Each structure stands twice: as C-alpha cells, then as structure tokens.
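Peer 1:
Numbering (UniProt numbering), first residue to last: 1 to 70.
1) Would you decide whether residue 13 is buried or exposed? Buried here means 16 or more other CB atoms lie within 10 Å of its CB.
2) Residue 18 to residue 43, Cα distance in whole Å?
3) How many angstroms separate the CA atom of residue 7 from the CA atom of residue 47?
4) Which of the three DSSP states, helix, strand or coil, is assigned to residue 44?
5) Whose C-alpha, out of 2, 29, 16 and 30, is nearest the C-alpha of residue 49?
6) Return the CA-CA distance between residue 4 and residue 38, expressed in angstroms with no decimal places.
7) Quick one: grab the DSSP three-state call for residue 29.
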C-alpha cells in the first residue's frame, strides 16, 4: 500500500480550513484527501474531529449491510 505524502504528519490549521472549504463545495472525502496528500481514512477521521459530516458518498470498503448470516 502506498503511503500518503503527509502520512504521520500533524494536521495544520490551513489543512483543517481547506477541509471545511472543500466539504462546503460537496467534494467527496477521497478528493479532499487527494488534494491534501492524506489518506481517505485520515481525512474522514479529521472531518469527524472537526464536526464535519460529508454529504457525499464515500467508498471505504466497509459495509455493515454485507454481514454473513449464520
């Protein structure tokens, strides 16, 4: 798996402001992450910390609706 450019680096105030700005433009988390050089998961986590809910759909590979029934 390829690491993001800013992987492991602390979030800056500028990045937090950019997340807010880009979410208001309805960009999906994957696009925001790409612009910030962050992973989609890290971006979603930061969005939650900032109290931002994404209006766009995201693909994280997880789905609670695909549970196996026994």
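Cβ atoms here follow ideal geometry from the backbone N, Cα and C, with glycine treated the same way.
Given the structure is predicted, the values throughout are model-derived calculations rather than measurements.
Peer 2: Short version:
1) exposed
2) 11 Å
3) 16 Å
4) helix
5) For the residues 2, 29, 16 and 30, the minimum Cα distance to residue 49 belongs to 16.
6) Their backbone Cα atoms lie some 5 Å apart in a straight line.
7) The three-state secondary structure of residue 29, taken from DSSP, is helix.
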